[in-house]
Amino acid sequence: MAEPEATRVVPAEPALADPAPLGLGAFALTTFVFSLLNAGIISPGEGPENQIVNLYLPLALFYGGLAQLIAGLFEFRTGNTFAFTGFVSYGAFWISLAVLNIFARQLNIAPERLAEAQGWFFLAWAIFTAIMLIAAFGLNVGLIVTFVLLLATLLLLTIGDLQGGPEGPGATWVRLGGYVGILTAIAAWYVAAADVINDTLGRTVLPVGE
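Quick note: the sequence shown uses the working numbering, first residue 89, plus one each step.
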């Protein structure tokens, strides 16, 4: 008589950390520094190799760009379509913006067309952000506020850059976009903080309006 087949024990999968705070933190910090420059709170300096490029480019490439993109790829593992789409997309946003500025300012490729290029760039991202804003209504108030402010920021930067950018007639619009961008960063930081603190302490300390 054959012996009964041994019961196969399937090990439980390890718990997955939430990558959302990383993505939100990377987005918030990079947006904050970029917006300080646009608002004129940090002086951009003078000349083609000014501080506005040198200050935010490393963040745009490595934190807002690479780290946020990695967070999005981990969201794919969790099955979160919204976070996967958002973090990968906005990670690519920062990398693309950094490369655009490197081409124009550092490599001197049509620098006189940079403001116009950024204007159309921001407009395209405003359209994408409007789509994400609609989806955010299925999540929480914190994300809705973040995306409303981000959409406003991108529209203001679009108007400003298509009118000549911070060194032309669009300076007021760019500056206003910088101030709204600071609010965007604060909202994203709040949601990131809520995710980390609430998860770590095991209770709701910072509500996000579920």
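Cβ coordinates follow ideal geometry from the N, Cα and C atoms, glycine included. Since we're looking at a predicted model, the values are computed, not measured.
With a cutoff of 7 Å on beta-carbon distance, Thr241 and Gly269 are scored as near each other.
Separation of the CB atoms of Asn189 and Leu145 is rounded to 6 Å, and the pair is thereby assigned contact status at 8 Å.
If one requires a minimum length of 3 residues, no beta strand (DSSP E) run lies completely within the stretch 161-218.
Phe115 is a Cβ neighbour of Ala276, given a cutoff of 7 Å. Within the same chain, Gly160, Glu163, Phe164 come within 6 Å of Phe172 by CB-CB distance, once the 5 residues on both sides are set aside.
Within the same chain, and ignoring the five residues on either side of Leu202 in sequence, the residues whose Cβ sits closer than 8 Å to its Cβ are Leu188, Asn189, Ala192, Arg193, Gly253. In this structure, Asn126 sits away from Val296, with a CB-CB distance that is not shorter than 7 Å. Beyond the five residues adjoining it in sequence on each side, Phe122 comes within less than 6 Å, by CB distance, of Tyr144 in the same chain, given in chain order. The residues Arg263, in chain order, have a CB closer than 6 Å to that of Gly128 in the same chain once the five nearest residues on each side in sequence are set aside.
Here Ser123 carries a helix assignment [DSSP, helix/strand/coil].
It is roughly 51 Å from the alpha-carbon of Gly290 to the alpha-carbon of Gly256. DSSP places Gln251 outside both helix and strand once states are collapsed to three, so it counts as coil. For the pair Ala148 and Thr118, the CB atoms are nearer than the 7 Å cut-off. Closest option to Leu244, judged by alpha-carbon separation, among Ala108, Ala155, Trp208: Trp208. If you ignore the 5 residues before and after Leu104, its C-beta comes within less than 7 Å of the C-beta of Arg165, Thr166, all in its own chain and listed in chain order. The shortest C-alpha to C-alpha distance from Thr260 to any of Thr246, Thr272, Leu271 is the one to Thr246.
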